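A.B. asks: Please see the structure below; I have some questions.
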Amino acid sequence: MSQRNQDISRSFQTPNGNPLTPKHHVRRKSHYPSTLNLIFGHFASLLQYIFRQIFRSNNLPFILTFLWHAYNVRRLLVSSKSFLDKYTSARKQSSLQPAIAADLLKRLGGINSSLALLALLALIRFKDLSTQKLALFVLMVANGSQAWNDGANWRSGRWNWTHLIENGSGDGIIALINLVAYIVSAVKSKSL
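Take 1 as the starting number for the sequence shown in the UniProt record's numbering and just add one per residue.
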């Protein structure tokens, strides 16, 4: 052993020749985590990152709004006739009425697709708080008016109770989530 290495090894010893013990914990054995522990650790880190991203800013209301409108688009555009059969109270009088109603439901599906796109754009592209507030306000008004319209149609007897529970309550909940997010954003920015 060279003189330099001997001097270095002596610098890590006490005067009586015992090696110095570090003040922090050092493992004496080399330990490698198992593959399962490694995968679990990476998965936990990914979930933690996703959780932080979802609850940062207004991401959660935009995600929920996008999912709700995307769900409605699929139901209204793809299966509008079965939607009518499931939710209408009145029976078909002529062959023309269900066709017109199905066309109107498809148009409503188009409106829902634009609302889903607005929520997705607000989630991905709109980082400015004032732009997010505007998107939240538009989505809140759209969902609130759909919930109110569902309630009015149920009271008139055109739609059944199942429609009010499944669609009206969903629109109302999403409108409430957007309202809360709008209020929180308004408080953060100190402006309406």
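In this text, a Cβ means the ideal position worked out from N, Cα and C, and glycines have one as well.
Since this is a predicted model, take the numbers as computed values, not measurements.
Span of the alpha helix (DSSP H) holding residue 66?
C.D. replies: For the purposes of this step, residue 66 is identified with residue 66 of the sequence shown, where counting begins at 1. Counting along the chain, the alpha helix (DSSP H) containing residue 66 begins and ends at 59–73.
A.B. asks: Pick out whichever of 48, 129 and 168 has its Cα sitting closest to the Cα of residue 189.
C.D. replies: Along the sequence shown, read from residue 1 onward, the residue named residue 189 stands at position 189. The option with the nearest alpha carbon to residue 189 is 129.
A.B. asks: Could you pull out every residue in the same chain whose Cβ sits closer than 7 Å to the Cβ of residue 75, ignoring the five residues on either side in sequence?
C.D. replies: As a position in the sequence shown, residue 75 is number 75, starting the count at 1. Cβ within range, chain order: 83.
A.B. asks: From residue 127 to residue 171, what does the alpha carbon distance come to, in whole angstroms?
C.D. replies: Start at 1 with the first residue of the sequence shown, and residue 127 comes out as number 127. Start at 1 with the first residue of the sequence shown, and residue 171 comes out as number 171. Looking at the two C-alpha atoms, the distance is approximately 25 Å.
A.B. asks: Is the segment 58–69 touching the segment 99–119, taking contact as three or more C-beta pairs under 8 Å?
C.D. replies: Result yes; three or more Cβ-Cβ pairs closer than 8 Å.
A.B. asks: Tell me the residue span of the alpha helix (DSSP H) that contains residue 84.
C.D. replies: Translated into positions along the sequence shown, residue 84 becomes position 84. Per DSSP, residue 84 belongs to the alpha helix (DSSP H) from 80–87.
A.B. asks: Is residue 205 near residue 72, with beta carbons less than 8 Å apart?
C.D. replies: Nothing about residue 205 can be reported from this structure: the residues present for the chain run from 1 to 192 only.
A.B. asks: Which value, in whole angstroms, describes the spacing of the CA atoms of residue 134 and residue 34?
C.D. replies: What you label residue 134 is simply residue 134 of the sequence shown in a count that begins at 1. What you label residue 34 is simply residue 34 of the sequence shown in a count that begins at 1. If I take the Cα positions, the gap works out to 49 Å.
A.B. asks: Would you kindly work out how many angstroms separate the C-alpha atoms of residue 48 and residue 144, rounded to a whole number?
C.D. replies: The residue given as residue 48 occupies position 48 in the sequence shown. The residue given as residue 144 occupies position 144 in the sequence shown. Near 33 Å, if we compare the C-alpha coordinates of residue 144 and residue 48.
A.B. asks: Would you give the residue range spanned by the alpha helix (DSSP H) that residue 159 belongs to?
C.D. replies: Stepping through the sequence shown from its first residue, residue 159 is reached at position 159. Run containing residue 159: none; DSSP gives neither H nor E here.
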